[in-house]
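One structure below.
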Amino acid sequence: MSDELASPVAVDMLIQNGVVVKMDENREILHDAGLAINDGTIVDVAPTAALTERYTATRNLDARGKVVMPGLIDTHHHFLQAFLKGSRDDLPFDQWIERVSSPPIAMAISDYLAGDTRLQCYATSLSCAEALRSGITCALNMEWATPPEVIDVYEEMGLRAVHALYMSDVDRWDEPGMLLPIDVTLELAEELIARCAASPSGRVSFRYGPACENSVSQDLLRETRQLADHHGVGIHIHLAESRLSWDNIYARFGTTPVRYLRDVGLLGPDVLAAHCIWLSKDDIDILADTGTSVSYNPECNMKVALGIAPVVRLLEAGVSVSLGIDSSAVNDNMDLFEAARVGALLQKIETMVPSVVPAAQALEMATIGGARALGMETEIGSLEPGKRADVILVDVTGVHMRPTNDIVNNLIYCASAPGDVSHVIVDGEMLVEHDRLCRVDETQLLAQAEAFLDDRMSAVGSGPSPLYSEAGC
Ligand SMILES: [Zn+2]
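If you use numbering that gives the first Met the number 0, the sequence shown corresponds to residues 0 to 472, in order.
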């Protein structure tokens with residue numbers, strides 16, 4: 000049959016009239032173009048005229064004045080810290096751990112042991128809501144003592160999630176309340192693996208999360224590698240994050256954190272390591288040789304004054320580098336455009352070479368680079384036929400986005416989230432439409448979560464937050 004006589008194919012959704020930034024291998028950008036989506040999958044990426052000739056859709060989405068691009072991928076986050084937004088910006092790392100991050104972790108662990116799921120579930124709901132509104136369609140959430148009900152929250156909210164369960168059996172930071180007994184942790188991991196494997200949407204997967212090189216014993220690191228191999232799941236770990244941790248490993252083993260993890264057999268293509276700031280040239284080669292991926296978290300690294308990751312050298316060595324937000328306690332927003340911009344600028348000033356990490360490379364880290372780091376590059380990260388339809392629309396009509404001299408440069412250097420992200424689609428399902436969450440009432444969710452937090456804080460004698468304890472706020 001000739002093309003002229005072929006009748007249009009019925010699909011679920013047609014996105015039309017936009018500027019499509021595909022992030023495919025050729026980095027193709029199509030003007031006056033869009034996507035055909037069916038059954039959660041991208042079936043075509045083409046100019047609007049060709050799409051309307053080839054397809055009829057149940058739903059048509061006009062993307063005039065908008066960039067159509069892959070959903071942003073956040074490869075390192077701690078959703079529990081959603082409650083710590085705006086908390087502190089003045090503490091050294093060891094004191095930050097003691098005074099900011101540890102109390103809610105201890106609370107989460109005691110709640111888990113008491114069978115109370117609300118703290119984790121509210122934090123996860125809030126974080127999923129903010130991530131989606133910010134154009135993040137996939138996030139890795141590394142968290143302590145998460146009850147299996149947290150997996151249900153991802154499902155309810157619709158976010159694609161990689162859930163990493165923190166594991167620690169060494170009280171390196173002298174915070175005994177932060178340790179969930181390791182037998183309980185490993186049992187919980189089995190439960191979470193089964194729950195994720197049975198995820199009705201298929202959007203949730205699991206990784207083991209040994210906390211860092213410093214707070215996990217060698218035996219547990221080796222066991223983690225065996226368990227990950229056995230279950231066919233990945234590993235996520237904080238690595239060479241602080242000078243403090245580097246010194247500790249060097250004092251104990253006379254080697255660097257990266258070499259130490261390589262020597263115990265943990266590193267590999269299924270490992271995503273967050274931060275990787277304190278690296279030698281040899282360490283960078285080890286990461287490249289083992290296929291270990293890196294999550295670069297520039298804003299967190301700056302706020303807690305941890306150092307600057309050698310991203311240019313990592314990229315030159317062929318390491319997959321992605322972008323992470325880290326958490327509301329050390330970054331505060333979920334703006335991956337900002338993280339990409341700040342991350343690029345930080346590398347330019349670190350190297351004193353303005354050509355390093357150009358906007359295209361920064362955008363790559365936030366999209367296909369994230370997919371690669373999570374081992375999901377055949378499923379998400381670019382707009383290509385056969386991939387899951389994780390798509391965002393970014394409004395480029397605002398005065399801060401104009402004139403558009405180069406669409407990729409404008410995205411990295413002018414755009415921000417959630418403000419410019421108007422629509423968010425995961426697996427072909429619209430989850431944010433015209434700046435509003437489709438599945439949940441954002442105002443109601445905030446009110447419930449903050450009321451819970453007030454009660455929970457009062458219960459431990461901290462009192463409610465002065466901001467939202469006032470009537471009407
Ligand atoms: Zn972290």
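All C-beta atoms in this analysis are idealised placements derived from N, C-alpha and C, irrespective of residue type, glycine included.
- Here the distance from the Cβ of ASP168 to the nearest heavy atom of ligand 1 is not below 7 Å.
- GLU129 is not a Cβ neighbour of VAL203, given a cutoff of 8 Å.
- Runs of alpha helix (DSSP H) with 4 or more residues, each lying fully within the segment 322-376, are found at 335-350, 358-365, 367-372, listed in chain order.
- Straight-line measurement puts the Cα of PHE78 at about 6 Å from the Cα of SER126.
- Scanning its chain for C-beta atoms nearer than 6 Å, with the 5 sequence neighbours on each side dropped, one finds around ASP394 the residues LYS65, ASP419, SER421, in chain order.
- Burial is judged here by how many other beta carbons sit within 10 angstroms of a residue's own beta carbon; ARG224 has at least 16 and is buried.
- For ILE411, the closest of ALA359, LEU118, MET375 by C-alpha to C-alpha distance is ALA359.
- One alpha carbon belongs to ASP389, the other to GLY233, and they sit about 22 Å apart.
- LEU13 sits in a strand when the DSSP states are folded into three classes.
- If you draw a 10 Å sphere on the C-beta of PRO384, you find fewer than 16 other C-beta atoms in it, and that means exposed.
- Between the alpha carbons of VAL318 and ALA372 lies a gap of roughly 9 Å.
- Put simply, the residues with a CB less than 6 Å from any heavy atom of ligand 1 are HIS75, HIS77, HIS237, ALA273, ASP325, in chain order.
- With contacts defined by Cβ atoms closer than 8 Å, ASP38 and ASN16 do not form a contacting pair.
- Taking C-alpha positions only, SER109 is separated from ALA308 by approximately 34 Å.
- DSSP places MET22 in the coil class of the three-state scheme, outside both helix and strand.
- DSSP, reduced to helix, strand and coil, places ARG438 outside both helices and strands of the structure shown, so it counts as coil.
- Of the residues ILE391, CYS137, LEU29, the one whose Cα lies closest to the Cα of GLY201 is CYS137.
- Between VAL42 and ILE28, the C-beta gap is not smaller than 8 Å, which leaves the two residues out of contact.
- Listed as beta-bridge partners of MET166 by DSSP are PRO209.
- Comparing alpha-carbon positions, the option among GLU441, GLY374, SER381, THR403 lying closest to ARG26 turns out to be SER381.
- Between CYS299 and ASP325, the gap from beta carbon to beta carbon is short of 8 Å.
- In the three-state reduction of the DSSP assignment, ALA197 falls in the coil class.
- Cβ neighbours of ASP23 within its own chain (closer than 6 Å, five residues either side excluded): SER381, GLU383.
- When secondary structure is reduced to three states using DSSP, ILE104 falls in the helix class.
- Under the DSSP definition of a beta bridge, SER292 partners with LEU271.
- Annotated three-state conformation of ASN140 is strand, per DSSP.
- Burial is judged here by how many other beta carbons sit within 10 angstroms of a residue's own beta carbon; THR123 has at least 16 and is buried.
- The three-state secondary structure of GLU428, taken from DSSP, is strand.
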